[in-house]
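Residues -19 to -1, 1 to 307 (mature numbering (1 follows the signal peptide of the UniProt record, and there is no 0)) make up the sequence shown, in order.
One structure is given here, and the rest of the page talks about it.
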Amino acid sequence: MRAWVLVSAVLWYLTRVGWQRFSEFTEKGFVYGKLVHTVKIYVELHHNSPFLVCMDIHLAKKETVDPTYLWIGPDEKPLTGNYRINITKTGKLMVKDFLESLSGLYTCTLSYKIIKVQTQKEKMVKNRYDFMMFAYREPDYSYQMAVRFTTKSCVGRYNEQLFTVLKKILNNLISDLSCRIKQPSYKCHFVKLPKHGIIPELFIAFQVHAFVPQWKSACNEAVDCEDITNHNIVQARDRIAEFFRSQAFIFYHGYNKTLPAMHFMDHSFQMARMDSCHPGFGKNEGLHSNCATCCVVCSPGTFSPAADVTCHTCISILAYGAKFCP
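Below you can see the structure in the form of structure tokens.
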């Protein structure tokens, strides 16, 4: 029996019985430097950075004579090619498999010559370009949802029976997605409607979360497990939304508009996404406006504990991605 048919039957029975995109890219996918200004780049954890160009876009349209490039990393040491660092002959830098610890300031000094054709006199020019790279990851999604049901009275066992049946149906609806209903609750209130009398209503609230113990095995230790869990959480959200849409359809179309005393109130379904970040990551729309919805690695001087969305101040921290304040 379909879930929405089952809950409808239960309600009738009870009545009868009483939800590199963050950088300044060119059409070729490169990030160019800017004189004087620092360019911010956000790199998803365990992904490759875009190519950083040791040149501003205006200079790139001109010829440069005898160019040389010197890249300095966040540790203030020259970058050399290794399995993570890829520097091309034309001075472009890419960092592979980006980690929290690779966040920081990357500086490139471009040296080139200007030659006067008539005299062959040479002038050396040096330009410095600063890039701030931050590791980020997508937040872990969960959803807060609320619905309302009419009821016959604020007293009696029928309200609790409806609540119990609804919890069971919703959990069964999303169990194959390794998601579950958490913190369900309800309260009964008396509501005065326009042109109607006062009626008792059940205000029901609950959260939809990924079931963490199951995900540890389902993800097979994937580095981007939140991509998998968030996909399923969104599916769970859509199933629950469709379930309540079906409730409204059944009552308003399937029963010739003869409604039971206890029924789902059309248009009462509400939901809001709640994000949480992994330890060492947080959100800061003011500091990271180009990645406002991301969980960005906590900078030195800050930390973030488990399931928080804010990096808190801790002056003794010198590294990126701190999870606690020593």
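Glycine is no exception: its CB is placed at the ideal position from the N, C-alpha and C atoms.
Nearest to Ser123 (by Cα), restricted to the options Gly267, Val215 and Lys58: Val215
According to the neighbour-count rule (16 or more other Cβ atoms, all chains shown, within 10 Å of its Cβ), is Val106 buried or exposed? exposed
Just curious, the alpha helix (DSSP H) that Ser285 is in, first and last residue? First-last for Ser285: undefined, no H or E at that position.
Per-residue DSSP class, three states only, for His248: coil
For Glu103, count the other beta carbons within 10 Å of its own beta carbon; 16 or more makes it buried, fewer makes it exposed. Which is it? exposed
By Cβ distance, which residues of its chain are closer than 7 Å to Arg2, with the 5 residues on each side in sequence left out? With a pLDDT of 46 at Arg2, under the threshold of 50, the modelled position of that residue is not reliable, and the figure given next carries that caveat. Excluding sequence neighbours, Arg2 sits near nothing in its chain.
Quick check on DSSP: helix, strand or coil for Glu223? helix
Start and end of the alpha helix (DSSP H) containing Gln142? Tyr139 to Ile155
Helix, strand or coil: how does DSSP classify Phe230 here? helix
Taking DSSP as the reference, what is the three-state secondary structure of Gln99? coil
Find the nearest neighbour of Ile296 within the set Ser270, Pro307, Phe192 and Val34, judged by alpha-carbon distance. Pro307
Is it true that the CB of Pro48 sits closer than 8 Å to the CB of Tyr13? no
Going by beta-carbon coordinates alone, are Tyr23 and Cys272 separated by less than 8 Å? yes
Check whether the Cβ atoms of Ile180 and Phe144 sit closer than 8 Å, and answer yes or no. no
Answer yes if the region 152 to 159 comes into contact with the region 262 to 276, meaning at least three C-beta pairs across the two stretches below 8 Å, and no otherwise. no
Do Ala116 and Leu80 have their C-beta atoms closer together than 8 Å? yes
For the alpha helix (DSSP H) that His177 lies in, which residues bound it at each end? Per DSSP, His177 belongs to no alpha helix (DSSP H) and is neither H nor E.
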